[in-house]
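Comments concern the structure below.
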Amino acid sequence: MDQNPFLTPSFPSRLPEVGTTVFTVMSALAAEHEAINLGQGFPDFPCDRGLIAEISAAMLADHNQYPPMAGVLELRHGIAQKISVLYGHVYDPETEITITAGGTQGIMTAILSCVSPGDEVVIIEPAYDSYRPSIDLAGGKTIAISLLANRNDHGLVVSYEIPWDNLSRAINPKTRLIIINTPHNPTGMVWQASDLERLSQLVKNTDALIVSDEVYEHMVYDGHTHQSIASHPALAARSFLISSFGKTYHVTGWKVGYVAAPAAMMKEFRKVHQFNVFTVNTPMQYGLANYLKNADHYLKLPSFYQSKRDYFKKGLQNTGFKLLPSPATYFQCVNYTDLQIPQSKLNEADFCSWLTTKIGVAAIPVSAFYAKPIESGVIRFCFAKKEQTLSDALARLQTL
Ligand code: GLN
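The number in our numbering is simply the position in the sequence shown, starting from 1, with 11 added.
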């Protein structure tokens, strides 16, 4: 019998386990219920008008056709200059830096460019939710190990550590890639220089490459400093460094980021990039190239965000939430299991749905950062918000 010609043929999913990313789901739920959205990580305050002026000027100057495939050279020069001043590594803008459509695309493209079917890729959970599906699409095998949490006498996390023994055990001749993320989403953990050195000892006689997701590089507080992979020459020689203008300049919707890597790695990266994204929009790149010349724009971010974090933390101290450390990123994780309400027994995803729909504050369940959710009763709030937004959210959270 003939097939129904109007029926869409069925086909096997490339990502059978994957639904819609939690960040999109929670933002939609927040919008539907008019909740204050402290879920998905993005600022609710405007970006600098000066940046918009730069972009407008670029458009009016007719920078509206395809840029070079790897990105506007002037912007790549600016990035090379910034990395060399901040982290001491000199990347060649011609061959070692590519402009991407945001950090997530940079990560996906880096993975697709070096992971072959059967290769192993090590990630450290909790891990950003794009890593695993990107590895799956490349045909790689994800080896997930867990971040170590140090707890106080009440069982509350006071700091995190890289699970060195497990990491060492996870690395073998099949390891193609190790994905690290500092400052870390969602815990805010920052790698120390000694951590980078230790990683370099672990990989030194292997062929393992590294993806270093550093999109929160300028949001580091309490006197910590960001230790970029670019600050360690032996690691830089085998790493893709990923960063994001969206995060740094409060323009997440523009989707512009970059990847820096040694020429041999970047050559493979661009082979994939050119047939996927091809190029990233031109006027944004010209505008960003000019804006990047003023280092103050990113150097003032730690104090800008630290005061938001402190304001939010102080308000949370008048609630039954228990605060986890937040030395970096624009996220504050809290434990809700001690709240004197029946909902404190809910799992993290259900608690976040309840909090969004009934209390009017959206958050992200940290279980979404694990393939096999560990239910520790921890949710993530984003404090990259106007003080008014934070104070409205706190007023609602203080009723719990
Ligand atoms: N990185 C952001 C977060 O963790 C989300 C980015 C996204 O939604 N793609 O909230």
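Glycine included, every Cβ here is placed at the ideal spot set by N, Cα and C. This one's a predicted model, so the numbers in the text were calculated from it and none came from an experiment.
Which value, in whole angstroms, describes the spacing of the CA atoms of ALA401 and HIS195?
Just to set this straight, residue 401 is Leu in the shown sequence, not Ala. Cα to Cα, the separation comes out at about 22 Å.
Could you check whether the Cβ of PHE34 sits closer than 7 Å to any heavy atom belonging to the ligand GLN?
yes
Check whether the stretch 314 to 330 touches the stretch 86 to 101, counting contact only when three or more Cβ pairs, one atom from each stretch, lie closer than 8 Å.
no
Around the C-beta of LYS397, are 16 or more other C-beta atoms found within 10 angstroms, so that it is buried, or is it exposed?
exposed
Sorry if obvious, but does the Cβ on THR115 come closer than 7 Å to a heavy atom of the ligand GLN?
yes
Excluding the 5 residues preceding and the 5 following MET119 in the sequence, name in chain order all residues of the same chain whose CB lies nearer than 6 Å to its CB.
Answer for MET119: SER145, listed in chain order.
Is VAL29 buried or exposed, if buried means 16 or more other CB atoms sit within 10 Å of its CB?
Exposed, since its Cβ has fewer than 16 Cβ neighbours within 10 Å.
Work out the CA separation of GLU208 and LEU167 for me, nearest whole Å.
29 Å
State yes or no: is the C-beta of ASN196 nearer than 7 Å to some heavy atom of the ligand GLN?
It does: the Cβ of ASN196 is within 7 Å (strictly closer) of some heavy atom of the ligand GLN.
How many Å lie between GLN76 and GLY268 at the Cα?
The alpha-carbon atoms of GLN76 and GLY268 are separated by roughly 19 Å.
Mind the definition here: the stretch 62 to 80 touches the stretch 234 to 243 only if three or more C-beta pairs lie below 8 Å; say whether that holds.
Judged by Cβ distances under 8 Å, the stretch 62 to 80 makes no contact with the stretch 234 to 243, as fewer than three pairs qualify.
Taking the alpha helix (DSSP H) that CYS125 falls in, what are its first and last residues?
114 to 125
Under the three-state reduction of DSSP, which class applies to SER255: helix, strand or coil?
strand
For TRP202, which residues from the same chain have a beta carbon less than 6 Å from its beta carbon, with the 5 sequence-adjacent residues on both sides left out?
Excluding sequence neighbours, TRP202 sits near THR193, GLN238.
Hey, is GLY52 close to the ligand GLN, as in C-beta under 7 Å from one of its heavy atoms?
yes
Would you kindly report the start and end of the unbroken alpha helix (DSSP H) that includes VAL270?
It is not in any alpha helix (DSSP H) - VAL270 instead sits in the beta strand (DSSP E) that spans 268 to 271.
Determine the burial state of ILE352: buried for a count of at least 16 other Cβ atoms within 10 Å of its Cβ, exposed for fewer.
exposed
So, with DSSP's three-state summary, where would you put PRO294?
helix
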